[in-house]
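What follows is one structure encoded as structure tokens, with my remarks underneath.
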Amino acid sequence: MCGIVGYIGEQQAVDVVLEGLRRLEYRGYDSAGISTLNNGQIDTQRAKGKLSNLEQQLKTSPLLGTLGIGHTRWATHGKPSKANAHPHRSGGFVVVHNGIIENYLQLKQQLVECGHHFNSETDSEIIAHLIDYHFKKSQDFEQAVRTAVQQLRGAFAIAVISDQHPDQLIAAKAGSPLVIGQGQSEYFVASDIPAMLSHTRDMVFLNDGEMALFNRTAMQITTLEGAAVETKIKTITWNPTMAEKGGYRHFMLKEIHEQPRAIADTIAGRITENKNAILLNELNLNADELNGFDRLYIVACGTSWHAALVGKFLIEKHARIPVEVDIASEFRYRQPLVSDKTLTLVISQSGETADTLAALREAHERGGKVVAICNVVESSIARESEGVIYTHAGPEIGVASTKAFTTQLVALFLFALHLGQTRQTLTTIKAQQLINELLTLPRKLEETLELDAIIEQAARKFIHVHDFLYLGRGNQYPIALEGALKLKEISYIHAEGYPAGEMKHGPIALIDEELPVVVIAPVNKTHEKVISNMEEVRARGGQIISISDSNCPSLLAASNVAFHIPTICDDLMPIITSIPLQLLSYHIAVFKGTDVDQPRNLAKSVTVE
Ligand code: AGP
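Each residue of the sequence shown is one higher than the last, beginning at 305 in the numbering used here.
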């Protein structure tokens, strides 16, 4: 986790770096710091807590200079504190780091024996000391960084400056994300695209094992060993306003409301003109290959794993191929039965989640093919997969995933239909019906979002509650899990998701007047059974919040609060039912006064295993 930013150019570095860090704060917000080089001297300001603390500090102790680096931290080694905040310094070298250095204790021991003194508990400080150590021998900044990073084991993305090299910025990467932005006589480096979007859309995505050297007018990319690497500049289509709050109180609320647009964008260009087939050339798998698979794994973490659970329903139903869903952190440790007849589908918003990336590599090592559903272009997961279905959600800044989730569900729907048609398990007529339903989705989501005010009103009642239960059946069970996760993440209220039919096998013991139970009850083949489950809750005094497209008297009678949603086919209903759950969590959290966009202990992109 953590976010790093570097700048070399003609603007005041502190302004550029601060702005970049603001856009990366979703990656961690335990502490922050900036160093700039001015008149041959590097000055640093660091502060515990959020970036706003650093900003306050900079008002009284400003930093000058047109070369600078900055960091926003998510603590791994060493508690959140000023001493552990980056940048870290040794001699004339200052470093920011994202990742984990696994052999830092061993390296630290060696350096301590050589007289180095450490000021923090972090693994990252070792990098500055190593560079300093090698520079004393070679008197060559570039060579010192090169030698130092070759000694590191683990994951890193770093940016380094030196007080003896006022016209040089060096960055390197292995295992953690790093993007370069190219402007007019200026360069940017950052952990993620939004950090630079207001300055440039021309970006270079560094590969693992590469290093970039910049002065104000030129950039050179090499391998860590020094071999030249061709620079490939890509122009990003995201625009800066996509990463702004746009008048909303929180990014999360903005992102919830962006879903009709995000979903329309994810569908766009992926349906044939006569609307009876799906176009997914980006899979890079031909019909023979798609027909040749006999098993599919879907692997992901957190919210993306919930999308995977819905994906199983869609793919097994339409493509009639067995699908297993795995939590990425478990997948690689259980010797999965991957062969060349297996397709592994990895799902990740960020494309940088370490567990998911490790699972992808495990599938490759076992000879399987991998396709990704990803939101962030050119992320590690996207680049290491044979094919990528990009969700066009745009930057998701709120730590709690919303639009990334529903666009993943759309991508899974498109994939299931495409696979079904290719494997001839889905007829053209059926595909056409489903595509027509899909095209109504953005409008129905707009309608669903009109529930916002009613949900806000209802949410007020639940701010003193300690536990919540979420129930759903079939493809709504993963939505119950997702609803519970959203509430836990941002309101800190304990919540559990359960298959509604399983409640009587245990969780029913929890039900009393204090326990709100959210029941997802769309009209489908289990609708009446779900109403029976609601009756069971009511009979024991539980309070029911129902989400349904039905107005039937038995559902309304069993509900204390009922949110009425538009009707759509069963396959797409999880996308609609997700919306009231997102809004409910959001408003409860706002009433409780928690930090909705940056909830405690979390980070948007989890790049540690
Ligand atoms: C979502 O609200 C969470 N913050 C988290 O569970 C997230 O979905 C998970 O860390 C996976 O991230 P990814 O999709 O970027 O791989």
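Positions of the beta carbon are idealized from the N, C-alpha and C atoms, including for glycine.
Nonlocal neighbours in the same chain, by C-beta distance under 8 Å from residue i, ignoring five residues either side
i: A454; result: What sits at residue 454 in the sequence shown is Gln, not Ala. These residues qualify, in order along the chain: L528 and E529.
i: M921; result: With the chain covering only 305 through 913, there is no way to say anything about residue 921.
i: H469; result: F445
i: R574; result: I582, L583, L584 and L718
Own chain residues within Cβ distance below 6 Å of residue i, not counting five before or after
i: I346; result: S339, V398 and D467
i: A658; result: T911, V912 and E913
i: P811; result: Y802
i: V827; result: D853 and S854
i: A663; result: V603, A632, F635 and R636
i: V865; result: A762 and I849
i: I815; result: V841, R844 and G846
i: G672; result: V642, T646 and T648
i: P564; result: P746, L749 and E750
i: V714; result: I567 and T570
i: Q360; result: none
Residues that DSSP places opposite residue i in a beta bridge
i: Q725; result: Answer by DSSP bridge pairing: none, since Q725 is not bridged.
i: I602; result: V629 and L649
i: I848; result: V821
i: L297; result: Absent from the structure is residue 297, since the part of the chain shown begins at 305 and ends at 913.
i: V289; result: Residue 289 lies beyond the residue range present for the chain, which begins at 305 and ends at 913; the question has no answer from this structure.
i: I373; result: G310 and S339
i: F509; result: V483
i: V493; result: G310 and I484
i: I525; result: A516
i: V692; result: A676
i: I582; result: I575
i: K621; result: For K621, which the question treats as bridged, DSSP gives no partner whatsoever.
i: A478; result: F460
i: A566; result: According to DSSP, A566 bridges with nothing at all.
i: I405; result: G458
i: T541; result: According to DSSP, which records beta bridges pairwise, T541 is partnered with nothing at all.
i: A532; result: T526
Host beta strand (DSSP E) of residue i (start-end)
i: Y802; result: H798 to P803
i: R553; result: Careful: R553 lies outside any beta strand (DSSP E) and carries neither H nor E.
i: T881; result: Per DSSP, T881 belongs to no beta strand (DSSP E); it is in the alpha helix (DSSP H), M877 to K896.
i: R393; result: H392 to S394
i: V250; result: One cannot answer for residue 250 here, as it falls past the ends of the chain, which runs 305 to 913.
i: D347; result: Q345 to K352
For residue i, the first and last residue of its enclosing alpha helix (DSSP H)
i: Q361; result: L355 to T364
i: A676; result: It is not in any alpha helix (DSSP H) - A676 instead sits in the beta strand (DSSP E) that spans K673 to C678.
i: R271; result: Any question about residue 271 goes unanswered here, given that the chain covers just 305 to 913.
i: M838; result: H831 to A843
i: F439; result: E429 to S442
i: Y408; result: Y408 to E417
i: I783; result: Y781 to S795
i: V453; result: F445 to Q454
i: Q468; result: That residue, Q468, is in no alpha helix (DSSP H); it is neither H nor E in DSSP.
i: S858; result: P857 to A862
i: A667; result: A658 to E669
i: G655; result: Taken as a continuous stretch (DSSP letters only), G655 belongs to no alpha helix (DSSP H), as it is neither H nor E.
i: N595; result: A591 to G596
Close-in-space but distant-in-sequence residues of the same chain around residue i (CB under 7 Å, 5 per side omitted)
i: A448; result: I435, H438, F439 and S442
i: G369; result: A317, T340, L341 and N342
i: E534; result: none
i: N700; result: Asn is not the amino acid found at residue 700; the sequence shown has Glu there. Excluding sequence neighbours, E700 sits near E559, Q653, N679, K707 and A708.
i: Q736; result: K579 and N580
i: G382; result: N388, S424, E425 and T426
i: C285; result: Examination of residue 285 is not possible in this model, given that the chain is present from 305 through 913 alone.
i: H722; result: I582 and L584
i: R764; result: F895
i: F717; result: L618, L742, D875 and L876
i: K790; result: A704, L885, Q886 and S889
Closer than 7 Å to chain C by CB, residue i
i: F555; result: In the structure shown, chain C does not exist; there is a single protein chain.
beta-carbon residue i near the ligand GDP non-hydrogen atom, thresh 6 Å
i: A704; result: What this structure holds is the ligand AGP, not the ligand GDP.
Length at least 4, wholly inside the stretch 737 to 787: the alpha helix (DSSP H) runs in chain order: You should have 756 to 763.
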